[in-house]
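Here is the structure we will look at, set down as structure tokens.
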Amino acid sequence: MSQSQIPETNPTLERSKPICLSGGAKGADSAWGTAATAIGHDVKHWSFPSHDKLCPSIPESQVVPLTDSELTLPEVTSTILLAAIAQNLQPPSEPHHRRLIQRIYYQVALAESCYAITTLGVDSVTGAGRAGGGTMWAVTMFRLLHAESRRCFVFDQSNGRWLRILGPREEAWEVMDADPPGPEGIWAGVGSRDLRQNGKEAIWRVSRAEFQGIEKYKYSWSSLAGQNTQLWSKLHGGPLASRQM
């Protein structure tokens, strides 16, 4: 899936339901999927062979397996490298850990918004709060891939508040006075496996928030390498329904 395969025009993607993209792990991933299903959204959990973190309660029909070739596409590798630099980390070297991070690219690359549940720690260098583990990778990659978006939201379980992320580095944020808007279109629902009660409640509040009913939604496929008809077909199990905007 190279840059040359990306459509030259920006299609309007016509779907009957919004779509939640996640990673299939216990905790926040599976909770987002359950909540999304309850409000009538489609759910797709990206996975791969030997994915031992996949929650056994997730319906098989919601699991989208990724091949090693898809996990190692140049755009995946480069995004992980940039995310590592942004967080002063080394890219993962252990094979299984690397696949876990590579699959996160697919959770956020196609998403128009990102909702994450985590417990913020303190950055030893800056003193600012920062998410840990896969949540940190997901939030950072989303902000790198969608730099103009302000629809990246993090719920901090340690103090029960929502933050809106403003930049690729996670200390660039603002505290929200209320819950974020409900999800619509293609959205990522991610977060910690250590899901606390207030995190569960935050997921259900946001999922049930009033949102625009969508039968059609638009997405600019020319804005990001890797978004093409082959990936769309894999995500939806069918051809891309498109027309020139």
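Taken in order, the sequence shown gives residues 937 to 1181; the numbers are from the numbering used here. Where a beta carbon is used, it is the ideal one built from N, C-alpha and C, also for glycine. The structure displayed is predicted, hence computed values, not measured ones.
Quick check on this structure: which residue in the options has the alpha carbon closest to the alpha carbon of residue i?
i: residue 1117; options: 1018, 1138, 1032, 1108; result: 1138
i: residue 981; options: 1077, 1001, 971; result: 1001
i: residue 1082; options: 1095, 962, 1015, 997; result: 1015
i: residue 1091; options: 1140, 1080, 1120, 1084; result: 1140
i: residue 1136; options: 1097, 1111, 1025, 1112; result: 1097
i: residue 1053; options: 1026, 1035, 965; result: 965
i: residue 1032; options: 1012, 1074, 985; result: 985
i: residue 1038; options: 1133, 1049, 1010; result: 1010
i: residue 1004; options: 1074, 1044, 1036, 1124; result: 1036
Can you look up residue i in the DSSP assignment and give me helix, strand or coil?
i: residue 1131; result: coil
i: residue 1110; result: strand
i: residue 1148; result: In this predicted model, residue 1148 has a pLDDT of only 37, less than 50, meaning its place in the structure is not dependable; the value taken from the coordinates is given anyway. Looking at residue 1148 - three-state DSSP - the assignment turns out to be coil, as it is neither helix nor strand.
i: residue 1007; result: helix
i: residue 1046; result: coil
i: residue 1082; result: coil
i: residue 1017; result: helix
i: residue 1143; result: helix
i: residue 1028; result: coil
i: residue 1120; result: coil
Closer than 8 Å by C-beta to residue i: which residues in its own chain qualify, once you throw out the five before and the five after it? Chain order, please.
i: residue 1086; result: 1100, 1102
i: residue 1143; result: 968, 971, 972, 974, 975, 1118, 1119
i: residue 988; result: 1032
i: residue 1094; result: 1055, 1056
Per DSSP, which residues does residue i bridge with? Please list them.
i: residue 1054; result: 1092
i: residue 1125; result: 1051
i: residue 1099; result: 1090, 1111
Looking only at its own chain, which residues have a Cβ that is under 6 Å from the Cβ of residue i, when we skip the five neighbours before and after it?
i: residue 983; result: 960, 990, 999, 1001
i: residue 1018; result: 1080
i: residue 977; result: 953, 954, 956
i: residue 1127; result: 964, 1052, 1053, 1054, 1071
i: residue 979; result: 956, 969, 972, 973, 998
i: residue 1129; result: 961, 962, 963
Beta-carbon within less than 7 Å of residue i's beta-carbon, same chain only, minus the 5 sequence neighbours each way: which residues are those?
i: residue 1148; result: Below a pLDDT of 50, predicted positions are generally treated as unreliable, and residue 1148, at 37, falls in that range; no measurement from the model is reported.
i: residue 938; result: Summary for residue 938: the model assigns pLDDT 33, below 50, so the residue's position carries little reliability; its value from the coordinates is reported in the next sentence. For residue 938, where only same-chain residues beyond five positions count, there are no Cβ hits under 7 Å.
i: residue 1020; result: 1026, 1027
i: residue 1131; result: 963, 964, 967, 1053
Restricting to runs no shorter than 4 residues, where is the alpha helix (DSSP H) found entirely within the segment 954-1003?
With a minimum length of 4 residues, the continuous alpha helix (DSSP H) runs that stay inside the segment 954-1003 are 964-974.
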